[in-house]
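Per our numbering, the sequence shown starts with residue 48, numbered consecutively.
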Amino acid sequence: MSISLSRSLRNAYRGWDVRRRVARFGGRFDRMREADADGIDYDFTETVNEYYDLCSEFMQFGWGESLHFAPLARGETLEESIIRHQRLMIERLGLREGMVVADIGCGVGGPMRRVARESGARVVCINNNEQQLKKARRRNIEAGLDDMAEYIKCDFMDMSAIEACSFDAGYAIESTCHAPDKTHAFAEICRVLKPGALLWGQEMCMTDKFDPDDSDHRTIKDELKLGIALNEIATFSEVDRALEAAGFVIMEAADRDVREGRGIPWYGPMESRSGTLRNVFRRTPLGRQAIIAGVRMAEAIRFFPKGSAAVVRLMDRTANAYVAGGRTGIFTPLYCFVARKPG
């Protein structure tokens with residue numbers, strides 16, 4: 048366990064009762080049912096923020112600065128696959144110097160830095176999570192790319208702080224999956240894009256193999272909704288209908304894991320022993336159990352904040368749900384589309 052991770056966790060969790068926040072996060076389904084019974088709209092934004100507040104530092108420790116999945120090719124590391132996937136996005140959007148691009152739900156800015164370096168486009172980082180937005184800016188400064196970025200703290204469900212027709216292109220990588228109303232989210236994105244602009248999206252979806260009458264399928268879906276802070280998980284057709292209802296014209300849309308025909312499934316890094324020792328240790332089941340044990344010890348000597356192990360246990364449970372969803376073929380995080388705002 049590194050000193051830098053200890054420092055990052057202390058900064059992220061300062062003043063928190065981490066165990067209590069993990070318990071609160073895990074009990075949100077009960078609160079949602081209570082709110083529904085009382086006729087109250089549940090504020091899902093708070094749950095999503097809690098998820099990223101708790102998990103961002105460990106996500107970066109285990110996955111890197113680009114917190115998303117990618118189609119995997121044999122002979123590639125996960126990091127190389129992510130770079131190849133981001134380059135595909137840059138190509139499909141036609142990004143180039145002089146363009147202003149919206150990064151909808153920018154995370155800690157991993158994709159943004161690839162876009163800025165390789166296309167020369169200026170990127171506006173949009174995120175409702177203050178902790179992630181600060182980390183994105185800090186990393187951009189360290190990379191010498193802060194002059195290529197702007198930062199706006201707002202919810203993509205309400206981007207009224209941004210003028211209509213502001214961006215030449217946009218992308219939303221595993222972010223609008225958190226939207227409580229996908230059509231409304233896409234409509235807001237459509238509003239801030241210029242006429243004729245393209246949007247790249249990457250959605251977490253239930254596939255056509257999902258059977259709502261299968262109890263095992265429902266359990267996996269519920270575990271995914273809990274662990275990734277999702278209000279619902281859309282199907283491919285539901286994403287398409289939401290895009291069209293929001294005013295977009297779909298240019299292409301497919302599960303990239305299937306289309307690219309790779310021999311390694313998208314969930315491979317969370318179960319495979321291949322790759323470097325460091326990555327096996329951080330991502331695979333045995334490695335995750337070792338990390339949980341190590342974090343407990345680090346808590347005992349106050350090297351890590353109390354409650355850190357509870358966060359890692361939550362993330363291990365989520366990783367198991369990812370693998371179960373992938374193995375059964377009922378879930379994919381790689382439904383990618385390019386859509387155009389009519390001009």
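Even glycine gets a Cβ: it sits at the ideal position worked out from N, Cα and C.
- Gln249 is bridged by DSSP to Ile220 and Cys383.
- Counting only residues of its own chain and dropping the five nearest sequence neighbours on each side, Ala289 has a CB closer than 7 Å to the CB of Lys229, Thr230 and Phe233.
- Separation of the CB atoms of Leu114 and Gly145 is rounded to 28 Å, and the pair is thereby denied contact status at 8 Å.
- The region 123-143 makes contact with the region 213-221: 3 or more CB pairs, one atom from each, lie closer than 8 Å.
- DSSP places Tyr198 within a strand segment (E or B) once states are collapsed to three.
- Ile275 carries a helical assignment under DSSP once its states are collapsed to helix, strand and coil.
- DSSP places Glu144 outside any beta strand (DSSP E), giving it a letter other than H or E.
- Within the same chain, Val170, Leu192 and Met195 come within 6 Å of Ala163 by CB-CB distance, once the 5 residues on both sides are set aside.
- In the same chain as Met298, and ignoring 5 residues on each side of it, the C-beta atoms closer than 7 Å to its own belong to Val385, Ala386 and Arg387, in chain order.
- Under the three-state reduction of DSSP, Ala120 is assigned to coil, being neither helix nor strand.
- For His225, the closest C-alpha among the options Gly152, Gly390 and Val147 is that of Gly152.
- Inter-segment contact for the region 94-103 and the region 176-184 is present: three or more beta-carbon pairs are separated by less than 8 Å.
- Annotation for Glu97: the continuous alpha helix (DSSP H) segment containing it runs Phe91 to Trp110.
- The distance from the Cβ of Leu381 to that of Pro118 is about 6 Å, consistent with a contact at the 8 Å cut-off.
- The C-alpha of Ile220 lies about 17 Å from the C-alpha of Tyr198.
- Excluding sequence positions up to five before and after Arg335, its CB lies within less than 6 Å of the CB of Asp363, all in the same chain and listed in chain order.
- Membership of Cys172 in any alpha helix (DSSP H) is not indicated; the residue belongs instead to the beta strand (DSSP E) covering Arg169 to Asn174.
- In the three-state DSSP reduction, Asp205 falls in the coil class, being neither helix nor strand.
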